[in-house]
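Undergrad: Just passing along the structure, written as C-alpha cells.
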Amino acid sequence: MKILSGVANLILFGMVLSAGALAAPAGDDGFDLRNGFAHVAQRAIPAVVFIQVEKQVSPGANFSFSPEDLFGQDFMERFFGRRLPTQPRGGERRQRPFTQTGQGSGFIITKDGYILTNTHVIDGADKITVRLNDGKEYLAKRIGADDRTEVAVIKIEAKDLPTVELGDASKLRIGEWVVAIGNPFGLSETLTVGVVSALGRKNMGITDYEDFIQTDAAINPGNSGGPLLNIDGRVIGINTAIFSRSGGYMGIGFAVPIDMAVAVKEQLIAHGKVTRGYLGIAMNPGEVDEDVARSFGLDSAGGVLIADVMPDGAAAKAGLKAGDIIRELNGQKVSDSASFRAAIARIQPGTVIELGIYRDGKKQTIKAKLDAVPEKPGQPASSGEGEEDALDEEMASVIGVEVANADAAELQRWGYEGRNHGVVITEVLTGSPAEHEGLRPGFLIIGVNQRQVEKVGDLAAALKAAKGEKIIRLRVQSPDGTRYAFIKPEWE
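Numbering-wise (the working numbering), the sequence shown opens with residue 8 and increments by one.
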C-alpha cells in the first residue's frame with residue numbers, strides 16, 4: 008500500500024513537471040524527477056542535529072504513557088521520550104533516583120552554535136547532548152525556552168558550523184511542497200516530503216499562542232524540534248506536534264512558523280525569557296457571528312467580544328468594558344480572538360495601541376497602554392449591588408434555569424474566591440435554552456445584556472426589561488472563566 012501510494016505521487020509529480028507548472032528552485036541545483044528533493048537534503052541535513060537529554064527522576068514518580076494522549080503538559084515523557092521503567096520487575100520499590108532519557112531534533116542557525124528546537128524536547132533536562140551530522144558530540148547549554156510557543160534555544164561551543172537558511176512563512180500557500188528533516192525514533196538524517204495542508208491552525212490546545220502550519224509530511228516521535236523547509240531548502244517552520252490516535256504518523260503534523268520562532272528566539276538570546284503585551288481582558292469563546300453581532304446592534308459579523316475586564320489592567324485603565332466588541336487593532340481588521348491575542352502578544356509592554364470598538368452599536372476609538380503578561384492573570388472586576396428578590400416561574404422558564412442568591416461562604420464552596428455575593432444557577436431544565444448553551448449548576452449569572460447582576464432581583468428585573476427580545480445575552484462565570492451565553496428565550 009505504501010509503495011503504491013509512492014508511485015501514485017511520482018506519477019502525479021511527473022505530470023506536473025511535464026506541464027511546466029513547477030519551476031526549479033533558485034540556486035545552482037536544478038529540480039527534476041531524478042534528483043527529487045536531493046538539493047534540499049544537501050543544503051539542510053548538515054545543519055540538522057540530534058538532541059539527547061537526560062533527566063534525574065525521583066523514585067516513585069509516575070510516568071504513565073498513553074499513545075492516544077499526545078498533547079498533555081509533559082511532551083518529553085509522553086510524546087518524544089524514551090523512558091526507563093519506574094519500577095523493576097517484581098514490584099520492588101526503587102531506593103535511588105534514576106535517569107530518564109529523551110530525544111528530539113534541532114537545527115543550527117548561527118556558525119557559533121545557536122540551535123533552535125522545541126521547549127518540550129529540553130524541558131526539565133539536566134544534561135543536553137547534541138550530535139552533529141558528522142558524528143561530533145557537544146554538551147549544550149540551555150539559553151531559554153518559551154512554553155507558550157514551544158520555541159527553545161540551546162547553544163554549543165563550536166566555530167564555523169553549517170547553518171540552515173531561514174525563509175518567510177508568511178509567503179506560504181496551501182499546496183506548496185515542504186520537507187521535514189529530523190531524527191524520528193532515533194533514525195538520524197531522515198527526510199520526508201509532503202505539502203502545506205493548511206495555514207493558521209489555532210485552538211489546537213498545543214500551546215498558548217498558536218498559528219501552526221499543518222502538513223502531511225511524515226512527522227514521528229523524534230522529529231520534534233527539526234526543521235520544516237520549503238522547496239528552496241529554507242526553513243519555514245519548526246516541527247512540533249502530530250495529531251494521532253496511534254502514537255505515530257497519521258498524516259497531520261503541525262509546525263511553528265519560523266517568523267514566530269525568530270521573534271521568540273531573539274528575546275530568548277537577549278534576555279533568556281520572552282515578554283509580551285497584555286491587555287487584561289477575558290475574550291468570549293467562539294466567533295462573533297451574525298446573530299451575536301445583531302444582538303449588540305451591529306449589522307456584520309467579526310471581531311472580539313469582551314466578556315470581562317481585569318481590575319487595574321490596561322483595558323480597565325483605558326475604559327474598555329464587558330460587552331465591547333473590538334473590530335480593529337492599530338487600523339487592522341480583527342477577525343477572531345486567537346489572532347487578536349497573538350497580535351497583542353507580539354507587541355512589547357508599554358506600547359500604546361489603538362482599538363476600534365463598538366459599544367451599544369456605535370463605533371469608538373480607544374487607546375490603551377499595554378502591560379506585561381502577568382505570572383498569574385487577575386480576576387474579573389465584580390459588579391454592583393442589587394435588591395434581593397425571587398425569580399418567578401415565568402422568568403425561570405424563559406431561559407430554563409433556577410437560581411438563588413449566594414453569600415461569600417457559599418461562593419467559596421463553589422470555587423469563586425473573592426466574591427461576596429452573586430446569583431448562582433441551582434438547576435438547569437432539560438431541553439431548555441440554557442442547557443443548549445452549555446450552562447450548568449454552579450455557574451454564576453453576573454449580567455443580562457448590558458445590565459449588571461448581583462442579586463436575584465437584578466436578574467428578574469433585567470429579564471423583564473428584555474421581554475420580547477429574540478436573543479438575551481447572559482454574562483456567566485464559571486470556575487474556568489467568564490463568557491457570554493446567547494440565549495434564545497422561550498417567551499409565552
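For glycine and all other residues, C-beta sits at the position ideal for the given N, C-alpha and C. Note that this is a predicted model, so its numbers are computed, not measured.
Pair every Cβ in the segment 442-452 with every Cβ in the segment 257-277, then say whether three or more of these pairs are closer than 8 Å.
TA: Judged by Cβ distances under 8 Å, the segment 442-452 makes no contact with the segment 257-277, as fewer than three pairs qualify.
Undergrad: Does the contact criterion of 3 or more C-beta pairs under 8 Å hold for the segment 137-148 versus the segment 161-170?
TA: Yes, since at least three Cβ pairs between the segment 137-148 and the segment 161-170 fall closer than 8 Å, the two stretches touch.
Undergrad: In or out: residue 472 buried (at least 16 other Cβ within 10 Å) or exposed?
TA: Within the sequence shown, residue 472 is the residue found at index 465, counting from 1. Looking at its Cβ environment, which holds fewer than 16 other Cβ atoms inside 10 Å, residue 472 is exposed.
Undergrad: Are there three or more Cβ pairs, one per stretch, closer than 8 Å when the segment 221-241 is compared with the segment 182-202?
TA: As far as the Cβ criterion goes, the segment 221-241 touches the segment 182-202, which means the pair count is three or higher.
Undergrad: Pull up the CB-CB distance for residue 379 and residue 285, whole angstroms please, since I reckon it's below 8 Å.
TA: Your numbering for residue 379 matches position 372 in the sequence shown. Your numbering for residue 285 matches position 278 in the sequence shown. That pair is a contact at about 6 Å.
Undergrad: Since residue 58 and residue 110 should fall inside the 8 Å C-beta cutoff, what is the C-beta to C-beta distance between them, to a whole number of angstroms?
TA: Position 51 of the sequence shown holds residue 58. Position 103 of the sequence shown holds residue 110. Confirmed, Cβ separation roughly 6 Å.
Undergrad: If you measure between the beta carbons of residue 360 and residue 332, is that distance less than 9 Å?
TA: Residue 360 sits at position 353 when you count from the first residue of the sequence shown. Residue 332 sits at position 325 when you count from the first residue of the sequence shown. No, the Cβ-Cβ distance between residue 360 and residue 332 is not below 9 Å.
Undergrad: Ordered along the chain, which non-local residues of its own chain (more than five positions away) have a Cβ less than 7 Å from that of residue 341?
TA: As a working mapping, residue 341 is identified with position 334 in the sequence shown. Closer than 7 Å at the Cβ level, and outside the excluded window around residue 341, lie 310, 311, 333, 334, 335 and 347.
Undergrad: Take residue 260 and list the residues in its own chain whose beta-carbon comes closer than 6 Å to its own, dropping the five residues that flank it on each side.
TA: Reading the sequence shown from its first residue, position 253 is the one you call residue 260. Same-chain partners within the cutoff: 222, 226 and 249.
Undergrad: Go ahead and pull the three-state DSSP assignment for residue 290.
TA: By 1-based counting over the sequence shown, the position of residue 290 is 283. Three-state DSSP puts residue 290 in a strand.
Undergrad: Contact check, residue 247 vs residue 270 under 8 Å by CB: the rounded distance?
TA: Residue mapping note: residue 247 aligns to position 240 of the sequence shown, counting from 1. Residue mapping note: residue 270 aligns to position 263 of the sequence shown, counting from 1. That belief does not hold up - the Cβ atoms of residue 247 and residue 270 are roughly 16 Å apart, past 8 Å.
Undergrad: Can you tell me which of the three DSSP states residue 355 falls into?
TA: Position 348 of the sequence shown, counted from the first residue, corresponds to residue 355. In this structure, residue 355 counts as coil in the three-state DSSP scheme.
Undergrad: State the beta-bridge partners of residue 412 as determined by DSSP.
TA: Indexing the sequence shown from 1 puts residue 412 at position 405. In the DSSP output, where bridge partners are listed per residue, residue 412 has 430.
Undergrad: So, are the CB atoms of residue 157 and residue 237 less than 9 Å apart?
TA: Indexing the sequence shown from 1 puts residue 157 at position 150. Indexing the sequence shown from 1 puts residue 237 at position 230. Their beta carbons are not under 9 Å apart, which means residue 157 does not touch residue 237 by this criterion.
Undergrad: Hey, residue 56 and residue 198: beta-carbon distance below 9 Å or not?
TA: Position 49 of the sequence shown, counting from 1, holds the residue named residue 56. Position 191 of the sequence shown, counting from 1, holds the residue named residue 198. No, these two residues do not count as a Cβ contact at 9 Å.
Undergrad: Determine the DSSP secondary structure at residue 500, reduced to helix, strand or coil.
TA: This structure does not reach residue 500, given that the chain is present from 8 up to 499, and the question cannot be answered.
Undergrad: Give the range of the alpha helix (DSSP H) segment to which residue 503 is assigned.
TA: Outside the shown range of the chain, which is 8 to 499, sits residue 503, and nothing can be said about it.
Undergrad: Quick one: using the 10 Å Cβ neighbour count with 16 as the cut-off for buried, is residue 447 buried or exposed?
TA: Here residue 447 refers to the residue found at position 440 when the sequence shown is read from its first residue. Exposed: under 16 other Cβ atoms inside 10 Å.
Undergrad: Under DSSP, the alpha helix (DSSP H) around residue 266 begins and ends at which residues?
TA: Start at 1 with the first residue of the sequence shown, and residue 266 comes out as number 259. Unbroken alpha helix (DSSP H) run through residue 266: 265-278.
Undergrad: Out of 265, 112, 105 and 173, which one is the CA nearest neighbour of residue 50?
TA: Position 43 of the sequence shown holds residue 50. Of the candidates 265, 112, 105 and 173, the one whose C-alpha sits nearest the C-alpha of residue 50 is 173.
Undergrad: Name the residue from 483, 319, 434 and 106 whose alpha carbon lies nearest to the alpha carbon of residue 456.
TA: Here the question's residue 456 lines up with position 449 in the sequence shown. The shortest Cα separation from residue 456 among 483, 319, 434 and 106 belongs to 483.
Undergrad: Helix, strand or coil: how does DSSP classify residue 8 here?
TA: Along the sequence shown, read from residue 1 onward, the residue named residue 8 stands at position 1. No answer about residue 8 holds up, because its pLDDT of 28 lies below 50 and its placement is not dependable.
Undergrad: Among residues of its own chain, excluding the 5 on either side of residue 349, which ones have a beta-carbon nearer than 7 Å to its beta-carbon?
TA: Reading the sequence shown from its first residue, position 342 is the one you call residue 349. Around residue 349: 216 and 218.
Undergrad: Considering only DSSP beta bridges, list what residue 465 is partnered with.
TA: The sequence position of residue 465 within the sequence shown is 458, counting from 1. DSSP lists no partner for residue 465.
Undergrad: Alpha carbon to alpha carbon, what distance is there between residue 209 and residue 479?
TA: For this step, residue 479 is matched to residue 472 along the sequence shown. For this step, residue 209 is matched to residue 202 along the sequence shown. Taking the straight line from one Cα to the other gives about 29 Å.
Undergrad: My guess is that residue 406 and residue 494 are in contact by the Cβ rule of under 8 Å, so how many angstroms apart are they, rounded?
TA: In the sequence shown, the residue the question calls residue 406 occupies position 399. In the sequence shown, the residue the question calls residue 494 occupies position 487. About 5 Å; that satisfies the 8 Å criterion.
Undergrad: Along the chain, where does the alpha helix (DSSP H) containing residue 442 start, and where does it finish?
TA: Stepping through the sequence shown from its first residue, residue 442 is reached at position 435. Residues 440-443.
Undergrad: How close, in whole Å, do the beta carbons of residue 344 and residue 290 come, if the pair is a contact with beta carbons under 8 Å?
TA: Within the sequence shown, the letter at position 337 stands for residue 344. Within the sequence shown, the letter at position 283 stands for residue 290. Correct: roughly 4 Å between the Cβ atoms.
Undergrad: So for residue 342, helix, strand or coil by DSSP?
TA: Working through the sequence shown from its first residue, we reach residue 342 at position 335. DSSP places residue 342 in coil when its eight states are reduced to three.
Undergrad: Return the bridge partner residues of residue 234 from the DSSP annotation.
TA: What you label residue 234 is simply residue 227 of the sequence shown in a count that begins at 1. Beta-bridge pairing links residue 234 to 245.
Undergrad: Below 8 Å CB to CB, which residues in the same chain sit around residue 117 once its five sequence neighbours on both sides are set aside?
TA: Sequence index remark: in the sequence shown, residue 117 carries index 110 (1-based). Excluding positions up to five away in sequence, the list reads 168 and 170.
Undergrad: What residues in its chain sit with their C-beta under 6 Å from that of residue 240, if we drop five residues either side in the sequence?
TA: As a first step, residue 240 is located in the sequence shown; it is residue number 233 there, counting from the start. Here the set comprises 47, 50 and 51.
Undergrad: Just curious, the alpha helix (DSSP H) that residue 49 is in, first and last residue?
TA: Position 42 of the sequence shown, counting from 1, holds the residue named residue 49. First-last of the alpha helix (DSSP H) with residue 49: 45-51.
Undergrad: Please identify the residue among 372, 431, 244 and 369 whose C-alpha is closest to the C-alpha of residue 464.
TA: Your numbering for residue 464 matches position 457 in the sequence shown. Among 372, 431, 244 and 369, the Cα nearest to that of residue 464 is on 431.
Undergrad: With distances taken between CB atoms, is the gap from residue 426 to residue 441 smaller than 9 Å?
TA: Residue mapping note: residue 426 aligns to position 419 of the sequence shown, counting from 1. Residue mapping note: residue 441 aligns to position 434 of the sequence shown, counting from 1. It is not a contact, given that the beta carbons lie outside the stated cut-off.
Undergrad: Tell me which same chain residues have a C-beta within less than 6 Å of the C-beta of residue 490, skipping the five on either side of it?
TA: Looking up residue 490 in the sequence shown gives position 483. Same-chain partners within the cutoff: 291, 292 and 314.
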